[in-house]
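Participant: Residue numbers in the sequence shown follow our numbering, run continuously in steps of one, and reach 319 at the last position.
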Amino acid sequence: MDGGNHSVVSEFVFLGLTRSWEIQLLLLVFSSVLYVATMTGNILIVFSVTTDPHLHSPMYFLLAGLSFIDLGACSVTSPKMIYDLFRKRKVISFGGCITQIFFIHLIGGVEMVLLMAMAFDRYVAICKPLHYLTIMSPRMCILFLAAAWGLGVIHSLFQLAFLINIPFCGPNTLDSFYCDLPLLLRLACADTYKLQFMVTVNSGFICVGSFFMLLISYIFILFTVWKHSSGGSSKALSTLSAHITVVLLFFGPALFVYAWPHSNSQIDKFLAIFDAVLTPFLNPVVYTLRNKEMKAAMKRVCRQLVIYRKIS
Numbered sequence: 008m009d010g011g012n013h014s015v016v017s018e019f020v021f022l023g024l025t026r027s028w029e030i031q032l033l034l035l036v037f038s039s040v041l042y043v044a045t046m047t048g049n050i051l052i053v054f055s056v057t058t059d060p061h062l063h064s065p066m067y068f069l070l071a072g073l074s075f076i077d078l079g080a081c082s083v084t085s086p087k088m089i090y091d092l093f094r095k096r097k098v099i100s101f102g103g104c105i106t107q108i109f110f111i112h113l114i115g116g117v118e119m120v121l122l123m124a125m126a127f128d129r130y131v132a133i134c135k136p137l138h139y140l141t142i143m144s145p146r147m148c149i150l151f152l153a154a155a156w157g158l159g160v161i162h163s164l165f166q167l168a169f170l171i172n173i174p175f176c177g178p179n180t181l182d183s184f185y186c187d188l189p190l191l192l193r194l195a196c197a198d199t200y201k202l203q204f205m206v207t208v209n210s211g212f213i214c215v216g217s218f219f220m221l222l223i224s225y226i227f228i229l230f231t232v233w234k235h236s237s238g239g240s241s242k243a244l245s246t247l248s249a250h251i252t253v254v255l256l257f258f259g260p261a262l263f264v265y266a267w268p269h270s271n272s273q274i275d276k277f278l279a280i281f282d283a284v285l286t287p288f289l290n291p292v293v294y295t296l297r298n299k300e301m302k303a304a305m306k307r308v309c310r311q312l313v314i315y316r317k318i319s
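1. Does the Cβ-Cβ distance between C104 and C186 come in under 8 Å?
2. Going by beta carbon distance, what residues of the same chain come within less than 8 Å of D9, once the five residues before and after it are set aside?
3. With which residues is E300 paired in a DSSP beta bridge?
4. Does the distance from the CB of A261 to the CB of G115 come in under 8 Å?
5. Taking the alpha-carbon positions, what's the M119 to A155 distance?
6. DSSP state of F19, grouped into three classes?
7. Based on the DSSP output, what are the partners of T180 in its beta bridges?
8. Where does K306 fall in DSSP's three states?
9. Starting from K87, follow the alpha helix (DSSP H) in both directions and report where the run begins and ends.
10. Where do the N-terminal and C-terminal ends of the alpha helix (DSSP H) with V120 fall, by residue?
11. Please tell me whether F101 and V83 are closer than 8 Å, where the distance is taken between their beta carbons.
12. Output the distance between the C-alpha atoms of C214 and T45, rounded to the nearest integer angstrom.
13. Whole angstroms is fine: what's the gap from R146's alpha carbon to A126's?
14. Tell me which same chain residues have a C-beta within less than 7 Å of the C-beta of V293, skipping the five on either side of it?
15. Mapping DSSP to helix, strand and coil, what is D9?
16. Give the range of the alpha helix (DSSP H) segment to which L199 is assigned.
17. What's the C-alpha gap between F175 and V15?
18. My understanding is that L69 touches C148, with C-beta atoms under 8 Å, so please give their C-beta distance in whole angstroms.
19. Can L122 and L221 be called in contact, C-beta distance under 8 Å?
20. When DSSP labels each residue in this structure, what does K95 get in the three-state scheme?
21. Output the boundary residues of the alpha helix (DSSP H) element that contains S38.
22. Kindly confirm or deny that the segment 162-176 and the segment 202-218 touch, where touching means at least three C-beta pairs closer than 8 Å.
23. Nearest-angstrom Cα distance between S39 and I89?
24. Using CA coordinates, which residue listed in C309, P287, Y67, F21 is at the minimum distance from R94?
25. Would you kindly check if the distance between the Cβ of V308 and the Cβ of L51 is under 8 Å?
26. Express the C-alpha separation of Y67 and L188 in angstroms, rounding to a whole number.
27. Excluding the 5 residues preceding and the 5 following T295 in the sequence, name in chain order all residues of the same chain whose CB lies nearer than 6 Å to its CB.
28. Would you kindly work out how many angstroms separate the C-alpha atoms of T47 and L73, rounded to a whole number?
29. Under the three-state reduction of DSSP, which class applies to P65: helix, strand or coil?
30. On the criterion of 16 or more Cβ atoms from any shown chain inside 10 Å, does L255 qualify as buried, or is it exposed?
31. Would you call the CB atoms of L202 and L190 closer than 8 Å?
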């Protein structure tokens, strides 16, 4: 190439999830309800942690950060997918496609770091309880949050660097309902085998490495809880089970998509819709069902909102 991107493709066409109108209608109802429920649940968690003094602790601060990023996770692809279910021709502009890729990897990078920060928080709370407030200080929590967003931006920009000099001159059809780097590289009118391998190694290595770090961390914490079992162990196990469930929900689809280079497109679609629609919805459900303090705080917030609405 002689410098610059010589793409002539101005838009990409999605094949979508299915060609059946009946299934599309079912998906429309299902995804719309889940999207509204996800937004409501995560906003309620962020609002509860922000306003309720009982939840002003490092664990809930990080949980609010996770819920905030889940608001973005369900908004990057879901609204476009729901809108496209109304349309026969599902298209996205070249710029819109690049924007989706940027935010998908930004949110993924931030969420990975936040999940590791939450694992560290539980490790300190259970293994070093006397030093918990000293180690997990407000400064440390803000540093975790800043590191998560900083690494998320760097990871996302690194992914986009693969696309700078790659030309797209047709075809422009993506067998999906959203844009992602591995899908886009298959449409380039250049030999991208090495780039596809690098993307798989890069994203796959990050996913696998982060997943096994978290897995080892939680095994160690569970062993510590079992070794020093006491009256508070049931509460610790309940909290840990919620964290482990969220880790599995997040990393399950990501590992298959990014660490398995020869995956099936239909399986990819199923995992993508699970990751885009179900995971951001299940995260607040898992945390609120397993946490009495969070449920109590959310009830208080709901009562205050009802009272405020009656007064106004």
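Just so you know, even glycine gets a beta-carbon here, dropped at the ideal spot from N, CA and C.
Facilitator: Considering the structure as presented:
1. As a first step, residue 104 must be located in the sequence shown, where it is residue number 97. As a first step, residue 186 must be located in the sequence shown, where it is residue number 179. Result yes, Cβ atoms of C104 and C186 sit closer than 8 Å.
2. In the sequence shown, the residue the question calls residue 9 occupies position 2. Only weak support exists for where D9 lies, its pLDDT of 46 falling under 50; the value from the coordinates is given anyway. Closer than 8 Å at the Cβ level, and outside the excluded window around D9, lies no residue.
3. Your numbering for residue 300 matches position 293 in the sequence shown. Beta-bridge pairing by DSSP links E300 to no other residue.
4. The residue labelled residue 261 in the question sits at position 254 within the sequence shown. The residue labelled residue 115 in the question sits at position 108 within the sequence shown. For A261 and G115, yes; Cβs fall inside 8 Å.
5. The residue labelled residue 119 in the question sits at position 112 within the sequence shown. The residue labelled residue 155 in the question sits at position 148 within the sequence shown. For M119 and A155, the distance between alpha carbons rounds to 8 Å.
6. Here residue 19 is taken as the residue at index 12 of the sequence shown, counted from 1. The answer is strand: DSSP assigns F19 an E or B state.
7. Position 173 of the sequence shown, counted from the first residue, corresponds to residue 180. DSSP lists V20 as partners of T180.
8. By 1-based counting over the sequence shown, the position of residue 306 is 299. Correct three-state label for K306: helix.
9. As a position in the sequence shown, residue 87 is number 80, starting the count at 1. Where K87 is concerned, the enclosing alpha helix (DSSP H) stretches over 85-91.
10. Reading the sequence shown from its first residue, position 113 is the one you call residue 120. Per DSSP, V120 belongs to the alpha helix (DSSP H) from 101-134.
11. Your numbering for residue 101 matches position 94 in the sequence shown. Your numbering for residue 83 matches position 76 in the sequence shown. For F101 and V83, no; Cβs fall outside 8 Å.
12. Against the sequence shown, residue 214 aligns to sequence position 207. Against the sequence shown, residue 45 aligns to sequence position 38. Rounded to the nearest angstrom, the two C-alpha atoms are 24 Å apart.
13. Translated into the one-based positions of the sequence shown, residue 146 becomes position 139. Translated into the one-based positions of the sequence shown, residue 126 becomes position 119. Their backbone Cα atoms lie some 17 Å apart in a straight line.
14. Along the sequence shown, read from residue 1 onward, the residue named residue 293 stands at position 286. Same-chain partners within the cutoff: A249, T252, V253.
15. As a working mapping, residue 9 is identified with position 2 in the sequence shown. Here the model assigns D9 a pLDDT of 46, short of 50, so the residue's position is not dependable and the matter cannot be decided.
16. Locating residue 199 in the sequence shown gives position 192, where the first residue counts as 1. It is Thr, not Leu, that sits at residue 199 in the sequence shown. No alpha helix (DSSP H) contains T199, which DSSP labels as neither H nor E.
17. Mapped onto the sequence shown, residue 175 falls at position 168. Mapped onto the sequence shown, residue 15 falls at position 8. Spanning the two alpha carbons is a distance of roughly 6 Å.
18. What you label residue 69 is simply residue 62 of the sequence shown in a count that begins at 1. What you label residue 148 is simply residue 141 of the sequence shown in a count that begins at 1. Confirmed, about 7 Å.
19. Mapped onto the sequence shown, residue 122 falls at position 115. Mapped onto the sequence shown, residue 221 falls at position 214. Yes, they are a contact pair.
20. For the purposes of this step, residue 95 is taken as the residue at position 88 of the sequence shown. K95 falls in the coil class under three-state DSSP.
21. By one-based count along the sequence shown, residue 38 stands at place 31. S38 -> alpha helix (DSSP H) spans 28-58.
22. Judged by pairs of C-beta atoms under 8 Å, the segment 162-176 touches the segment 202-218, as three or more such pairs exist.
23. Stepping through the sequence shown from its first residue, residue 39 is reached at position 32. Stepping through the sequence shown from its first residue, residue 89 is reached at position 82. Going by the C-alpha atoms only, they are around 7 Å apart.
24. Mapped onto the sequence shown, residue 94 falls at position 87. For the residues C309, P287, Y67, F21, the minimum Cα distance to R94 belongs to F21.
25. Within the sequence shown, the letter at position 44 stands for residue 51. Within the sequence shown, the letter at position 301 stands for residue 308. Yes, these two residues count as a Cβ contact at 8 Å.
26. Taking the first residue of the sequence shown as 1, we reach residue 188 at position 181. Taking the first residue of the sequence shown as 1, we reach residue 67 at position 60. Near 33 Å, if we compare the C-alpha coordinates of Y67 and L188.
27. Taking the first residue of the sequence shown as 1, we reach residue 295 at position 288. Within the same chain, T295 has close Cβ partners M301, K302.
28. As a position in the sequence shown, residue 47 is number 40, starting the count at 1. As a position in the sequence shown, residue 73 is number 66, starting the count at 1. Taking the straight line joining both Cα atoms gives about 14 Å.
29. The sequence position of residue 65 within the sequence shown is 58, counting from 1. DSSP places P65 in helix when its eight states are reduced to three.
30. Here residue 255 refers to the residue found at position 248 when the sequence shown is read from its first residue. Counting Cβ neighbours within 10 Å, L255 comes out exposed, since fewer than 16 surround it.
31. Counting from 1 along the sequence shown, the entry for residue 202 is found at position 195. Counting from 1 along the sequence shown, the entry for residue 190 is found at position 183. Going by C-beta atoms, L202 is not nearer than 8 Å to L190.
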